[in-house]
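S.K.: Numbering (the working numbering), first residue to last: 58 to 421.
Backbone N, C-alpha and C define an ideal beta-carbon position, used for all residues, glycine too.
Quantities reported herein were computed from a predicted structural model and do not represent experimental measurements.
Right, I'll just put the structure down here and ask away after.
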Ligand SMILES: Cc1cc2nc3c(=O)[nH]c(=O)nc-3n(C[C@H](O)[C@H](O)[C@H](O)COP(=O)(O)O)c2cc1C
């Protein structure tokens with residue numbers, strides 16, 4: 058066991074982080090109309106800027122994602138870019154660093170959430186299981202239209218364009234959202250990708266879309282400012298794969314030579330569904346910086362760092378409820394508990410009103 062802990066600084070690429078505590082990407086549905094981030098979002102991220110690194114909520118790259126689903130932010134036009142500039146300035150002013158998580162919903166978009174009568178698209182015409190949140194309540198997922206090859210190129214360009222805007226908005230880097238059942242994940246896993254062209258079949262073919270996105274973002278960012286998030290075993294939104302351990306080790310091997318900032322895997326600390334733990338195999342297939350997420354609390358996080366199983370740990374719910382999470386851990390202070398009922402509701406409640414430790418103490 059080494060002496061690496063959550064508070065051991067880390068350098069990777071040309072980034073220096075004062076601690077190994079990452080704020081996990083979390084959709085909070087509180088952008089302004091037009092999918093534009095505003096002052097409230099800037100305050101939320103600023104409050105959490107003592108994280109070694111913040112990964113933003115997922116940011117939509119699809120320009121046909123409807124503006125009347127206003128609360129999920131985008132990065133497809135100048136107004137959204139200006140909104141994100143408020144956020145990055147606030148985080149930097151407080152000494153933090155923030156990557157933008159770029160995402161395309163693919164088959165998980167509902168037709169009512171797309172402009173100009175567009176239909177949801179995916180690698181194959183296979184609907185996700187379950188329901189999607191819409192402005193009129195939960196609806197079943199639609200069966201997507203399988204993307205034609207030229208359309209895949211258009212989406213790759215949309216990622217590049219959003220990445221260019223992210224740079225001009227002042228982000229410190231990009232995290233490509235290849236996890237949790239969104240479009241890239243739909244290509245990666247064989248439960249949702251049954252294509253027979255060069256984007257389906259072998260692992261190499263299923264990874265082609267992701268690799269093309271990395272390359273296109275590379276026109277605007279150095280590789281060491283581009284991270285990739287994967288979730289090999291997450292069954293959210295009807296996802297499955299016949300061999301997550303084997304396939305994702307191979308995907309990690311394909312990503313290994315690219316000189317990325319990091320690979321970020323959602324690999325639950327405790328597997329409850331009989332799924333394999335993929336982290337050790339991915340760790341040995343990918344030589345770069347590894348972030349792990351999924352149900353980690355302090356003790357488990359310290360253990361995985363000390364054993365060399367990962368380089369940083371990302372925390373989700375704990376950061377929602379504890380804007381000053383690193384400080385609380387340093388002080389061995391109690392944590393606030395997250396209120397799940399306000400994860401996606403509008404406004405300050407459950408967003409910017411969780412007390413920091415100094416605020417709590419000053420009220421005693
Ligand atoms: C409210 C909420 C929103 C989330 N949104 C995203 C997202 O936009 N992108 C993503 O990759 N993961 C998202 N996640 C997953 C988290 O990044 C994280 O992997 C998960 O919460 C497990 O970590 P935890 O147990 O520390 O919370 C979300 C989680 C929560 C609770």
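Is residue 123 helix, strand or coil when you go by DSSP?
M.R.: coil
S.K.: Can you give me the start and stop residues for the beta strand (DSSP E) that residue 188 sits inside?
M.R.: 188-191
S.K.: Taking 8 Å as the cut-off, does the stretch 143-155 touch the stretch 101-110 (at least 3 CB pairs, one atom from each stretch)?
M.R.: yes
S.K.: Between residue 390 and residue 299, what straight-line distance do the alpha-carbon atoms span, to the nearest angstrom?
M.R.: 43 Å
S.K.: Taking residue 180 and residue 248 to be in contact with their CB atoms under 8 Å, please state how far apart those CB atoms are, rounded to whole angstroms.
M.R.: Actually they are not in contact, since the Cβ atoms of residue 180 and residue 248 sit about 11 Å apart, beyond 8 Å.
S.K.: Nearest to residue 264 by alpha carbon, out of 373, 229, 139, 305?
M.R.: 305
S.K.: Can you list, in chain order, the residues of its chain with a C-beta nearer than 6 Å to that of residue 230? Leave out the 5 residues immediately preceding and following it.
M.R.: 156, 282, 318
S.K.: Could you check where the beta strand (DSSP E) with residue 269 kicks off and where it finishes?
M.R.: Per DSSP, residue 269 belongs to no beta strand (DSSP E); it is in the alpha helix (DSSP H), 260-274.
S.K.: Under 6 Å: does the beta carbon of residue 323 sit that close to some heavy atom of ligand 1?
M.R.: yes
S.K.: Are residue 100 and residue 409 touching if we call contact CB-CB under 7 Å?
M.R.: At the C-beta level, residue 100 and residue 409 come within 7 Å of one another.
S.K.: Pull up the DSSP beta-bridge partners for residue 319, would you.
M.R.: 284
S.K.: Mind reading off the beta-carbon distance from residue 349 to residue 322? Whole number of angstroms is fine, and I expect it under 8 Å.
M.R.: 6 Å
S.K.: What whole-angstrom Cβ distance do residue 346 and residue 73 have, given they're in contact under 8 Å?
M.R.: The Cβ separation is near 13 Å, so there is no contact.
S.K.: Is the closest heavy atom of ligand 1 to the C-beta of residue 115 under 6 Å?
M.R.: Yes, the beta carbon of residue 115 sits closer than 6 Å to at least one heavy atom of ligand 1.
S.K.: The beta strand (DSSP E) that contains residue 79, what's its start and end?
M.R.: 78-80
S.K.: On a CA-only basis, which of 161, 233, 97 is nearest residue 404? Give me that one, please.
M.R.: 97
S.K.: Need the endpoints of the alpha helix (DSSP H) that residue 106 sits in, please.
M.R.: Under the DSSP assignment, residue 106 falls outside any alpha helix (DSSP H); it carries neither an H nor an E label.
S.K.: Expressed to the nearest angstrom, what Euclidean distance is found between the alpha-carbon atoms of residue 94 and residue 77?
M.R.: 27 Å
S.K.: Give a single yes or no on whether residue 402 has its beta carbon closer than 6 Å to a heavy atom of ligand 1.
M.R.: no
S.K.: Quick one: grab the DSSP three-state call for residue 342.
M.R.: helix
S.K.: Could you pull out every residue in the same chain whose Cβ sits closer than 7 Å to the Cβ of residue 75, ignoring the five residues on either side in sequence?
M.R.: Exclusion of the five residues before and after residue 75 leaves 66, 109 as the residues of its chain whose Cβ lies within less than 7 Å of its Cβ.
S.K.: Report the partner residues of residue 159 according to the DSSP bridge assignment.
M.R.: The beta-bridge partner set that DSSP reports for residue 159 consists of 116, 233.
S.K.: Give me the residue from 219, 343, 384 with the minimum Cα distance to residue 115.
M.R.: 219
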